[in-house]
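Residue numbers for the sequence shown follow our numbering, beginning at 437 and rising by one. Cβ atoms here follow ideal geometry from the backbone N, Cα and C, with glycine treated the same way.
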Amino acid sequence: LRPFDPFGFGASPRAISSPTHLKSLIESAALREGLDPDLLDSLVAAESGYDPAARSRAGALGLTQLMPSTATALGVAQPFDPEQNLSGGAKYLSQMLQKFGSLEKALAAYNAGPGAVERHGGIPPYAETQAYVRRVMSLYNAKKERP
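1. Please classify residue 488: is it buried, with 16 or more other beta-carbons within 10 angstroms of its beta-carbon, or exposed?
2. Between which two residues does the alpha helix (DSSP H) holding residue 551 run?
3. Could you check the C-alpha separation between residue 582 and residue 576 for me, to the nearest Å?
4. Thinking just about the alpha-carbon of each residue, which of 560, 549, 528 and 495 is nearest to the one in residue 511?
5. Would you call residue 506 buried or exposed, if buried means 16 or more other Cβ atoms sit within 10 Å of its Cβ?
6. Is it right to say residue 571 is buried, meaning 16 or more other beta carbons lie within 10 angstroms of its own, or is it exposed?
7. Which same chain residues, not among the five before or five after residue 463, have their C-beta less than 6 Å away from its C-beta?
8. With DSSP collapsed to three states, give me the class of residue 571.
9. Assuming the contact rule is C-beta atoms closer than 8 Å, residue 482 and residue 523 should be a hit. Round their C-beta distance to whole Å, please.
10. Classify residue 579 as helix, strand or coil using the three-state DSSP reduction.
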């Protein structure tokens, strides 16, 4: 498996639009968890660049870059299966939104873990996490501005 840039720096403009074959899976997973499909789509773009086989240096797997222990806790047996991974990622993001009540804090928790957000009382002062939150929010806002 090849490494990828989890923040999408230097990503092509197509990073704003999910591949057709994933669009319906992203939408279904998001709606099942009460999320805006554009939000989940933005997270997937930032996390994996829409690569179902993505694996980070830290060991995160698949489209939504679930850590193996998180995937297991969410009932994701096959993290490289797009449908399972999207379902697990949507569920985890929904849990973080319910727990923290703000999109930015939920995204920070998705990236750095809920404990880090709790310890710091908000977005942790980690460059990686701060860049991640900015990246997902930038993609999400761009999707919202589309005609």
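This is what the structure gives:
1. Residue environment for residue 488: buried (at least 16 other C-beta atoms within 10 angstroms of its C-beta).
2. Note, residue 551: alpha helix (DSSP H), 550 to 556.
3. Each residue's Cα considered, the two are about 10 Å apart.
4. Ranking 560, 549, 528 and 495 by Cα distance to residue 511 puts 528 first.
5. Per the 10 Å Cβ criterion, buried.
6. Counting the other Cβ atoms within 10 Å of the Cβ of residue 571 gives 16 or more, which makes it buried.
7. Correct list, in chain order: 473.
8. Looking at residue 571 - three-state DSSP - the assignment turns out to be helix.
9. Between residue 523 and residue 482 the Cβ distance is about 18 Å, and since that is not below 8 Å, they are no contact.
10. In the structure shown, residue 579 adopts helical secondary structure according to DSSP, grouped into three states.
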